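Student: Let me give you the structure first, and then I'll get to my questions.
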Amino acid sequence: MQIGKAFETLFGTLYARGLARPDMRMIGVYLDDPDIVPAEQLRSIACVTSSADVPAEAPFERRRVDGGTYAVLRHKGPYADMHKAYQWLYAEWLPKSGRQLKDSVMFEEYLNNPRDVPPTELLTEIHMPLA
Numbered sequence: 396m397q398i399g400k401a402f403e404t405l406f407g408t409l410y411a412r413g414l415a416r417p418d419m420r421m422i423g424v425y426l427d428d429p430d431i432v433p434a435e436q437l438r439s440i441a442c443v444t445s446s447a448d449v450p451a452e453a454p455f456e457r458r459r460v461d462g463g464t465y466a467v468l469r470h471k472g473p474y475a476d477m478h479k480a481y482q483w484l485y486a487e488w489l490p491k492s493g494r495q496l497k498d499s500v501m502f503e504e505y506l507n508n509p510r511d512v513p514p515t516e517l518l519t520e521i522h523m524p525l526a
C-alpha cells in the first residue's frame, strides 16, 4: 500500500538522471490480493513504460507485462474507492463474461496525476488478464 512513495522515488530518480519523458505511462503492478494478504505483506511494483534505449541501472530493473487479452475497466475517482471496481470486475463482470482469468499479473495504468487533478477526477484503467 506504499506504492505512492515508490512512484515518488521512481520519478525523482528518473528526473535526477535526465531520463523522464512525457510519453512514459505510469503502471502499477500488484502481486497480491489485499482481501487475502495482510496490508504489511502486500507487494507491488511502480513502473513506467520506456523504450529499450532507456538504461535500467539500479535501483531500476526492466520488466515486461505479458501480452494478450485483457479486460480493461476505467475507474474515475479516488484511489481509495477502486476496491469497488475490482469487486465488480471479479463478482459481476467475470462470471457473466464466460471468460477465465489468465495466470498473470493484473496492473493499473494511471491516466492522470494526483498532483494535477482532484481525487474525484483521477482516471485509472484496471487491466485484468484473460485466458
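Reading the sequence shown from the start, the letters are residues 396 to 526 in the numbering used here. Backbone N, C-alpha and C fix where the C-beta goes; we use that ideal spot for every residue, glycine too. In this text, all values refer to a predicted model and were calculated from it rather than measured experimentally.
Kindly indicate the opening and closing residues of the alpha helix (DSSP H) around alanine 441.
Tutor: Run containing alanine 441: none in the alpha helix (DSSP H); it sits in the beta strand (DSSP E), 439 to 443.
Student: Would you decide whether alanine 441 is buried or exposed? Buried here means 16 or more other CB atoms lie within 10 Å of its CB.
Tutor: That one is buried.
Student: When DSSP builds the beta bridges, which residues end up paired with phenylalanine 502?
Tutor: DSSP, once it has assigned bridges, lists Val424, His522 as partnering phenylalanine 502.
Student: Sort out for me which residues DSSP pairs valine 467 with in a bridge.
Tutor: Beta-bridge pairing links valine 467 to His522.
Student: Check each candidate in Leu405, Leu518, Asn508 and name the one with the smallest Cα separation from glutamate 456.
Tutor: The shortest Cα separation from glutamate 456 among Leu405, Leu518, Asn508 belongs to Leu405.
Student: Evaluate contact between the segment 508 to 522 and the segment 469 to 478, counting only Cβ atoms and requiring at least three cross-stretch pairs below 8 Å.
Tutor: Yes, they touch.
Student: Sort out for me which residues DSSP pairs leucine 496 with in a bridge.
Tutor: Answer by DSSP bridge pairing, in chain order: Leu525.
Student: Return the chain-ordered list of same chain residues with a C-beta closer than 7 Å to the C-beta of alanine 426, the five sequence neighbours on each side being excluded.
Tutor: According to the sequence displayed, residue 426 carries leucine and not alanine. Cβ neighbours of leucine 426 beyond the five flanking positions: Arg438, Ser439, Val500.
Student: In terms of residues, what are the limits of the alpha helix (DSSP H) holding leucine 484?
Tutor: Element bounds for leucine 484: n/a, residue is neither H nor E.
Student: For a test of the three-state rule: what should DSSP assign to methionine 477, helix, strand or coil?
Tutor: Correct three-state label for methionine 477: helix.
Student: Please state the DSSP three-state secondary structure of glutamate 403.
Tutor: DSSP places glutamate 403 in helix when its eight states are reduced to three.
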